[in-house]
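Asker:
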Amino acid sequence: MDACSRVWTGLGLTAVALTSVACSSAPEPYMGSPTRGQMIAHFDLAVELRDHAVQGELQSFRATAQALADLDPARELPPDIILQLGPMRWEAQAGASARTNGAAARAAAEIARTCGECHAANDVSLDSRFTGGVPAAASDIPRHMAGLARITELLWEGLVGPSDRSWAAGADALLEAGALPDEMLEELPERDVRFASDRLQRLAREAAAATESDYRVRALAEIWATCSECHAIAR
Ligand code: HEC
Ligand code: HEC
């Protein structure tokens, strides 16, 4: 890595102007509006946050939420967009003090909602960027888990887009995924597996019926809490 790209990595997207002066021969880190660059930074943190919420990694979740709350808006951003970042940073700050996996799941879903609300307010829709598609349900644990991870990604995209299509695809896929594999009973107490399995199916029905963002946020938060509570036991 050369000196220019090190500056770039260290300072993040706010360093665009600086790096392009200092290293005018280097390729531009991104093409497009400052808003777009800012989005890419948020996007990475929000994806990381989502994965920590699923795995029940509370310490990492809190640190990532703090990083999102602290992310300085690129100076080139239009002032009205900077103002609109408020709700997202506020929810991220709440996530940074989450004390339980349930609270982390809730904060992650609330943050996703603020992404979608700003996109809707600015007539930006990410709907067409989402590809959909879920692997077929599998009875072995790693593949079943990969399917569940993809399903909750679709639901998250439903909030972030916002995208009714992704939301519906995620809710349907969770219904279709059915019960957790019996193979899990070899590793975990039967009571925990059955409880989580029934809860996910109930939440799939609630998600499928949810048309308003309040209900969607609540359903996704509970789904993620079901994932992370079991992962915390399994570790
Ligand atoms: C303050 C308003 C606002 C918030 C909050 C916001 N976005 Fe955006 N987002 C935008 C706007 C405006 C664009 C269009 C940018 C452009 O193309 O110039 C955009 C574009 C995007 C894009 C497409 C970028 C590209 O490559 O074209 C992604 C992905 C994205 N947002 C993800 C997110 C995620 C994830 C969150 C929440 C963590 C989020 N956004 C929160 C306003 C917002
Ligand atoms: C009843 C327990 C249980 C529930 C509920 C559960 N998981 Fe898992 N999950 C596991 C176990 C056990 C593993 C470890 C599997 C292995 O590595 O063999 C795992 C592993 C994973 C992995 C792989 C992690 C890695 O280290 O690569 C992902 C991704 C995952 N789960 C996603 C989910 C999602 C998303 C949900 C919720 C929709 C969920 N899981 C619900 C028990 C559960």
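Take the sequence shown: its letters are residues 1 to 235, numbered as in the numbering used here.
Glycine included, each C-beta is placed from N, C-alpha and C at the ideal position.
Predicted model only: the values in this text are computed from it and were never measured.
1) Start and end of the alpha helix (DSSP H) containing S228?
2) Tell me the residue span of the alpha helix (DSSP H) that contains M145.
3) My guess is that L68 and L45 are in contact by the Cβ rule of under 8 Å, so how many angstroms apart are they, rounded?
4) Pull up the distance between the alpha-carbon of L155 and that of L188, whole angstroms please.
5) Terminal residues of the continuous alpha helix (DSSP H) containing A236?
6) Buried or exposed: where does I40 fall if 16 or more other Cβ atoms within 10 Å of its Cβ makes it buried?
7) I'd like the list of long-range same chain contacts for A221, defined as Cβ closer than 7 Å, with 5 residues on each side in sequence excluded.
8) Out of R50, I151, L49, V54, state which residue places its alpha-carbon closest to the alpha-carbon of E229.
9) Taking only three categories from DSSP, how would you classify A179?
10) Can you tell me whether A177 is buried or exposed, with buried defined as 16 or more other CB within 10 angstroms of its CB?
11) Check whether the Cβ of R143 sits closer than 8 Å to any heavy atom of ligand 1, and report yes or no.
12) May I have the straight-line CA-CA distance separating F61 from D182, to the nearest angstrom?
Answerer: In short, the structure shows the following:
1) 213-234
2) 141-160
3) 4 Å
4) Going by the C-alpha atoms only, they are around 27 Å apart.
5) Past the edges of the chain, shown from 1 to 235, lies residue 236, and the structure says nothing about it.
6) exposed
7) Counting only Cβ-Cβ distances below 7 Å, and skipping sequence neighbours, we find A105, R106, A109.
8) V54
9) coil
10) Per the 10 Å Cβ criterion, buried.
11) no
12) 30 Å
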